[in-house]
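If you're matching positions, the sequence shown starts at 354 in our numbering and goes up one per residue.
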Amino acid sequence: MMSAAFILSGAYDSGMVWAMQDSSREERARRIIQWSRDNRTWTGNYDFFETSDLFEGPVTQMMVADPMGLPPLITREEIIKHILRSPKLVQRMQHAGWLNPLPDLGTKESYFARDEAYRAFDRLLKGERPPRLPSEPPLKSGEPEIE
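See below:
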């Protein structure tokens, strides 16, 4: 519970409340770096996104800002290739509001902010799952969760 003094001090705003719930940039970077170091094989399931723990080695400011070495604006295809491995997962994240394309940049492809992609990826690494799309049939036993 927040004290009235905290709220009245002007330090409170809705963005700050969200930031308290979200991982810090360094914590997010350490989680992503550790996941990158854990060599994995794509399974089509969410277990691909499990990570052992946070990276405990030293991190630079550059690593905190960009733990996977991606450009500031990335395409849907780059998100699939370098981070999520699944077009279906990108669709689910977009539908859930975790990942939104930038407004029209006058190009044929949609672009996404790297930081937003990292935030969505961090949610997966922490165990959150975007809901299945309304158009998807129910998951059958033995089928991959994602595709």
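Using N, Cα and C, we set each Cβ at its ideal position, and we do this for glycine too.
Check: What are the start and end residues of the beta strand (DSSP E) that includes residue 426?; Outcome: 426-428
Check: By the 10 Å Cβ neighbour count, where 16 or more other Cβ atoms means buried, how is residue 465 classified, buried or exposed?; Outcome: buried
Check: Closer than 7 Å by C-beta to residue 444: which residues in its own chain qualify, once you throw out the five before and the five after it? Chain order, please.; Outcome: 486
Check: Within 10 angstroms of its Cβ, does residue 369 collect 16 or more other Cβ (buried), or is it exposed?; Outcome: In this prediction, residue 369 scores a pLDDT of 35, lower than 50, which makes its location untrustworthy; the coordinate-derived value is nonetheless stated afterwards. That one is exposed.
Check: Looking at the secondary structure, which residues open and close the beta strand (DSSP E) in which residue 465 lies?; Outcome: 464-466
Check: When DSSP labels each residue in this structure, what does residue 499 get in the three-state scheme?; Outcome: coil
Check: Assuming residue 470 contacts residue 427 under a Cβ cut-off of 8 Å, what Cβ separation, rounded to an integer in Å, is found between them?; Outcome: 6 Å
Check: Taking the CB atoms as reference points, tell me whether residue 389 and residue 475 lie closer together than 8 Å.; Outcome: no
Check: Would you mind working out which of 490, 467 and 489 sits nearest residue 423, comparing C-alpha positions?; Outcome: 467
Check: Using three-state DSSP, classify residue 372 as helix, strand or coil.; Outcome: Confidence is the limiting factor: at residue 372 the pLDDT is only 36, short of 50, which leaves the residue's position unreliable, though a coordinate-based value still follows. DSSP places residue 372 in helix when its eight states are reduced to three.
Check: Say whether the segment 428-443 touches the segment 455-465, bearing in mind that this needs 3 or more beta-carbon pairs closer than 8 Å, one atom from each stretch.; Outcome: yes
Check: By DSSP, does residue 481 sit in helix, in strand, or in coil?; Outcome: coil
Check: Decide if residue 494 is buried, meaning its Cβ has at least 16 other Cβ atoms within 10 Å, or exposed.; Outcome: exposed
Check: Could you compute how far the alpha carbon of residue 404 sits from the alpha carbon of residue 457?; Outcome: 35 Å
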